[in-house]
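In my numbering, the protein residues as written are 962 to 1462. Just so you know, even glycine gets a beta-carbon here, dropped at the ideal spot from N, CA and C.
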């Protein structure tokens, strides 16, 4: 959101997706809250928030201060309407969000509108969400179509979108090979677990793929069970907009559109588990694997491998499978793109720093966790970021409404993937961190990201997540403490870290 402290310099002012100026003079010229303020309020609340300046005239891109003769009246009208549920569905503002500013001797009101939370959306007008809900896009305040509003309402009501029982669907709609492959992975990871001996239906019930509603008594296959293990024809019947797409692109797409592609085409099950198994092998196929021993066993894994696995799982568990966009995974010479339908449920900055999570498909998340894929709530994106940036690469996370609701995670190579990718220091990384100042800074950045998310992390936990030795992590912690970036509160055993910068 823009910094309203800089409003004194109108030469740099321009209406954007997060800034709107309204004259707000009224018929008597003394100041009045304009009717078109409310669509803007709804639009900004349902997007990423923004600022509305009342008392500013805009003409041909030039801004002039008109001022408000009676800002107290305008403020009063604003809050009176905000608190009228027949006019506006939610009041997101406090007194601190509506500030008077005096510029060139004239008073204006700067109204800072925060983004509504998932539980508050849609923010609508006139007591009816359909037809009265707006969203802020590049070209201004746009009416939301009925499907968009219904998705907002579903997001508001359903903490987890994948627990719905599918009427008329059963075990015959599942791909047995997919289910048994998952069960084999579960047994390999948890050989002594009591669920290993259960039959298929009982096993599905235990992992959330089959459920009984306690109120109605209805039971059956859940959406999570079908998406994870279903046959393509059955999945398409239950979720008509569901589509998965993996593409490997060449450097020059003018001659060849893609080098490799995986989509549900009838030749394989088309479900999420099989998509994961097929795609993860392709994503990591060209990655350089260092020679690292853990005990007497070679470890063919790196922070980059871990980041890509987590990114793929993250994309699948956060997707809105009722939305128009497909799940899209792209591998290209510049890096990787992971796109899922649906907006982020927490702000991007919050997700990057960790500690907060609001997973759209919590049963799917748990299914992946049970076979040691994915991270616990709030730590997935920080682990992706830490592993990727520790290797010296760049990452961007964002969501947008155009051309459809989508979340994008871009993982870009900062150096050639065939060159030293920051993971080849192996068992010697406690002595030599590659000699690259840039890589050293990347490790420190990863440490800061993880400590912001969980200040109680130990050296061993940091080392395991980032993919460095404990000795290397200790050295970077000492550097960070020396320059005042972090400090230790309490003892080494029971205390925690505090990130200062």
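query = What are the partner residues of residue 1302, as DSSP defines its beta bridges?
reply = 1367
message = Could you check whether the Cβ of residue 985 sits closer than 7 Å to any Cβ belonging to chain C?
response = The structure shown has no chain C; it contains just one protein chain.
task = Would you mind giving the Cβ-Cβ distance between residue 1143 and residue 1074, rounded to the nearest angstrom? I have them listed as a contact below 8 Å.
result = With 8 Å as the limit, residue 1143 and residue 1074 do not qualify as a contact, their Cβ atoms being about 45 Å apart.
ask   = In terms of residue numbering, what span does the alpha helix (DSSP H) encompassing residue 1055 cover?
value = No alpha helix (DSSP H) contains residue 1055, which DSSP labels as neither H nor E.
request  = Have a look at 1341, 1058, 1086 and 1060 and flag the residue whose alpha-carbon is nearest the alpha-carbon of residue 1051.
outcome  = 1086
ask   = Do the stretch 1264-1283 and the stretch 1336-1355 make contact, defined as three or more Cβ pairs closer than 8 Å?
value = yes
Cβ neighbour criterion (16 or more within 10 Å) applied to residue 1365 = exposed
request  = Could you work out which residue in 1454, 1202 and 1437 is closest to residue 1446 when comparing CA atoms only?
outcome  = 1437
ask   = Under a three-way DSSP split, which group does residue 1379 fall into?
value = For residue 1379, the predicted structure reports a pLDDT of 40, less than 50, and the residue's modelled location is therefore unreliable. A value from the coordinates is still provided. Of the three classes helix, strand and coil, the one that applies to residue 1379 here is coil, per DSSP.
ask   = DSSP puts residue 1449 in a beta bridge; with which residues?
value = 1458
query = Below 7 Å between beta carbons: does that hold for residue 983 and residue 1015?
reply = yes
query = Can you give the Cα-Cα distance for residue 1375 and residue 1318, rounded to whole angstroms?
reply = 28 Å
inquiry  = Report the CB separation of residue 1240 from residue 1282 in whole angstroms; it is logged as a contact under 8 Å.
reply    = Not quite, the Cβ-Cβ distance comes to about 17 Å (not below 8 Å), so this is no contact.
inquiry  = Contact between the stretch 1092-1104 and the stretch 1150-1165 is defined here as three or more beta-carbon pairs at a separation below 8 Å; is this criterion met?
reply    = no
message = Can you tell me whether residue 1082 is buried or exposed? The criterion is at least 16 other CB atoms within 10 Å of its CB, across all chains shown.
response = buried
message = Would you call the stretch 1318-1336 in contact with the stretch 1404-1412, where contact means no fewer than 3 C-beta pairs closer than 8 Å?
response = no
task = Please list the segments of the beta strand (DSSP E) lying wholly inside the stretch 1264-1334, counting only runs of 3 or more residues, in order along the chain.
result = 1288-1293 and 1296-1302
message = I'd like to know if the stretch 1292-1310 and the stretch 1164-1176 are in contact, where contact means that at least 3 CB-CB pairs between them fall below 8 Å.
response = no
Where the beta strand (DSSP E) containing residue 1171 begins and where it ends = 1171-1173
ask   = Residues bridged to residue 1361 by DSSP?
value = 1367
request  = Pick helix, strand or coil for residue 1410, following the three-state DSSP scheme.
outcome  = helix
message = Let's see if you can read the secondary structure: which residues bound the alpha helix (DSSP H) around residue 1104?
response = Note, residue 1104: premise wrong, no alpha helix (DSSP H); beta strand (DSSP E) at 1101-1104.
query = Looking at the unbroken beta strand (DSSP E) that takes in residue 1013, where does it start and where does it end?
reply = 1011-1015
Segment contact flag, the stretch 1122-1129 with the stretch 1184-1192, C-beta cutoff 8 Å, min 3 pairs = yes
message = Suppose you measure from the CA of residue 1302 to the CA of residue 1323; what does that come to, to the nearest Å?
response = 16 Å
query = Looking only at C-alpha atoms, which of 1171, 1211, 1006 and 1329 sits nearest to residue 1113?
reply = 1006
query = Cα-Cα, which of 1078, 1072, 1356 and 1107 is closest to residue 1089?
reply = 1107
message = Measuring straight from C-alpha to C-alpha, what distance separates residue 1422 and residue 1435?
response = 12 Å
inquiry  = Does the structure place the stretch 1040-1049 close enough to the stretch 1017-1029 that three or more beta carbon pairs sit under 8 Å?
reply    = no
ask   = residue 1430 and residue 1373 look like a contact to me (Cβ under 8 Å); what is the Cβ gap, rounded to whole Å?
value = No, residue 1430 and residue 1373 are not in contact; Cβ-Cβ is about 27 Å, not under 8 Å.
request  = With DSSP collapsed to three states, give me the class of residue 1355.
outcome  = strand
request  = Spatial neighbours of residue 1299 within its chain, please: CB distance less than 6 Å, with the 5 preceding and 5 following residues excluded, ordered by chain position.
outcome  = 1272, 1276, 1290 and 1370
ask   = Is DSSP giving residue 1130 helix, strand or coil here?
value = coil
key: Residue closest to residue 1059, alpha-carbon to alpha-carbon, out of 1053, 1065, 1049 and 1070   = 1070
task = Taking only the alpha-carbon atoms, compute the straight-line gap between residue 1460 and residue 1216 and give it to the nearest angstrom.
result = 50 Å
message = Suppose only complete runs of 3+ residues qualify. What are the beta strand (DSSP E) ranges in the stretch 1157-1202, listed by chain order?
response = 1171-1173 and 1180-1182
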